[in-house]
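>
Residue numbers (this note's numbering): 9 to 590.
#1: For residue 540, which residues from the same chain have a beta carbon less than 7 angstroms from its beta carbon, with the 5 sequence-adjacent residues on both sides left out?
#2: How is residue 229 classed by DSSP in three states: helix, strand or coil?
#3: Taking residue 472 and residue 447 to be in contact with their CB atoms under 8 angstroms, please state how far apart those CB atoms are, rounded to whole angstroms.
#4: With burial defined as no fewer than 16 other Cβ atoms inside 10 Å of the residue's Cβ, what is the status of residue 39: buried or exposed?
#5: In angstroms, rounded to a whole number, what distance separates the CA positions of residue 298 and residue 225?
#6: Quick one: which unbroken beta strand (DSSP E) runs of 3-plus residues sit fully inside the segment 442–516? Chain order, please.
#7: Figure out for me which residue from 140, 369, 313 and 126 has the closest Cα to the Cα of residue 356.
#8: Could you check if residue 218 is buried or exposed, using at least 16 other CB atoms within 10 Å of its CB as the buried criterion?
#9: So, with DSSP's three-state summary, where would you put residue 330?
#10: Would you mind stating whether residue 209 and residue 223 have Cβ atoms separated by less than 8 angstroms?
#11: Along the chain, which unbroken stretches of the beta strand (DSSP E) at least 3 residues long are found entirely within the segment 387–443?
#12: Buried or exposed: which applies to residue 571, given that a residue is buried once 16 or more other Cβ atoms fall within 10 Å of its Cβ?
#13: Would you mind sorting residue 41 into buried or exposed? The rule is 16 or more other CB atoms within 10 Å of its CB.
#14: Tell me the residue span of the alpha helix (DSSP H) that contains residue 137.
#15: Could you tell me which residues DSSP pairs with residue 219 in its beta bridges?
#16: To the nearest whole angstrom, what separates the beta carbons of residue 251 and residue 259, a pair I think is in contact under 8 angstroms?
#17: Assuming residue 480 contacts residue 428 under a Cβ cut-off of 8 angstroms, what Cβ separation, rounded to an integer in Å, is found between them?
#18: Applying the 10 Å Cβ sphere with the 16-neighbour rule, what's the burial state of residue 61?
#19: In this structure, what does DSSP give as the bridge partners for residue 294?
#20: Is residue 127 helix, strand or coil by DSSP?
#21: Residues bridged to residue 289 by DSSP?
#22: Could you check the C-alpha separation between residue 417 and residue 577 for me, to the nearest Å?
#23: Can you tell me the Cα-Cα spacing of residue 307 and residue 400, whole angstroms?
#24: How would you call residue 562, buried or exposed, if buried means at least 16 neighbouring beta carbons within 10 angstroms?
#25: Taking Cβ positions, are residue 413 and residue 433 nearer each other than 8 angstroms?
#26: Give a single yes or no on whether residue 329 has its beta carbon closer than 7 angstroms to a heavy atom of the ligand ATP.
#27: Kindly indicate which residue of 53, 515, 165 and 509 has the alpha-carbon position closest to the one of residue 24.
#28: Between which two residues does the alpha helix (DSSP H) carrying residue 241 extend?
#29: With a threshold of 16 other CB atoms inside 10 Å of the CB of residue 516, please say whether the residue is buried or exposed.
#30: Can you tell me which of the three DSSP states residue 551 falls into?
Given below as structure tokens:
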């Protein structure tokens, strides 16, 4: 920002900036091509708010340290997203808001129904403000100064709210007819990320809407006469959109271009990935395509890298189970297995365990497929079948790297299992996952793979089974009295009900599902001498589970019931994830 003499003097007087510091800041600003405000703030000579207050005093513009950002205040309709590119506002750091007269502080016309407020960061940006006023046909407005991060957040929120609905975009495409889509496939429009082509905007909005709904997956499913798009939220698939069948080739081609897949190859399965940014969120998307009888089926798995890793206390594990888990992680060697179906949170739990035990005195190495989160201070290896880097080969090399703790993403075959067992027997603590229904079945699974029972008895120190259940929405859950049939199915009597039991209702905050977020239910089977001796005699999962229950093991169902009685979830939700293992 170029400073006027009066602004320079104001900063010197109010903030105590020396002439030497000011001159040095001006030179750095000229050399880097940035405003002197950025330099002064970067060098911590003043705060950003101090600079804005000085600039506001010189230019007679009020300073708002925060902006009211609600649905009513965001600039309405399609005007903003259609007429103003988001990059224009971000480059010049300004945003228009529509506020009611009584909301506007120091407004000369408080009786006005509403007025446009333009928040800017640089009071000397006259030309961008003029351009904005012309493009949006604004006649009456009020200027305010706001911090950069506040304005950028308002820009992101405004465009997120003002996106056309997916259905409107589909209608636009239908009006344009399929001829335009065919032309787009031939030309290079699909390769241009900044293109205004409707199909590109449709793909962007499908992804944006899914991220906003906290979806973990997007499914694009072709059928004989229709195309269905669904997304998975909290483990449940919901219908998102049903575009016309003729949009299928262009929609899938756009996704394949984004993920750098071969758009000409439609006969073989393909896997790719892409990274996108949505405001402050960084999203990693893994793309998988398979050929079906009616075209390619595409699944996009969304991984929000901006989300912080959970700790052991945040996983939803009961205090007793967490004590067992923490005890197991202190063992110097052995194998700790976590079992459960795909998407049951096994990797998240393992990351939480590694974060808890990670310290400079131990060497932790992982081999994963894929590496979902980067863990500071831990060496992580990505499996790559294209160059023959498998779990087994990677694990064989890891043991030569003097590790104390090893994480194997999944034990899939005998070779990987054998190396993991040998690593545990030679003084390493090994964490891994298996796909089984419960903790006891993990032993049977290892024997089926080809591991000898005596090696399992010697190396496995504990097995945990895990499921994810949906948590009731706090804003709309309602108490109710469960029927005797429901209580009997959960092995309960009315005498055991401690307090209110809740049911799902549905509200806008939870997208009318009644649930918002998920938590885990656990069962921990710690291998004591009795279980180890039993495994030497039999690997029948039923008998192993009976012995574990005799040693007071809490099952998945019991852990789920305790969460129902605590008001976190419902009986129906616990039955949904545990009835297959009853």
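Even glycine gets a Cβ: it sits at the ideal position worked out from N, Cα and C.
According to the structure data:
#1: 465
#2: strand
#3: 6 angstroms
#4: exposed
#5: 16 angstroms
#6: 468–480, 486–488 and 509–511
#7: 313
#8: buried
#9: helix
#10: no
#11: 387–390, 413–416 and 437–442
#12: buried
#13: exposed
#14: 134–144
#15: Answer is none; residue 219 lacks a bridge partner.
#16: 7 angstroms
#17: Going by Cβ atoms, the distance from residue 480 to residue 428 rounds to 39 angstroms, so no, they are not a contact pair.
#18: buried
#19: 281 and 309
#20: strand
#21: 286
#22: 30 angstroms
#23: 28 angstroms
#24: buried
#25: no
#26: This structure lacks the ligand ATP; in fact it carries no ligand of any kind.
#27: 53
#28: Residue 241 -> not in any alpha helix (DSSP H); beta strand (DSSP E) instead, spanning 235–241.
#29: exposed
#30: helix
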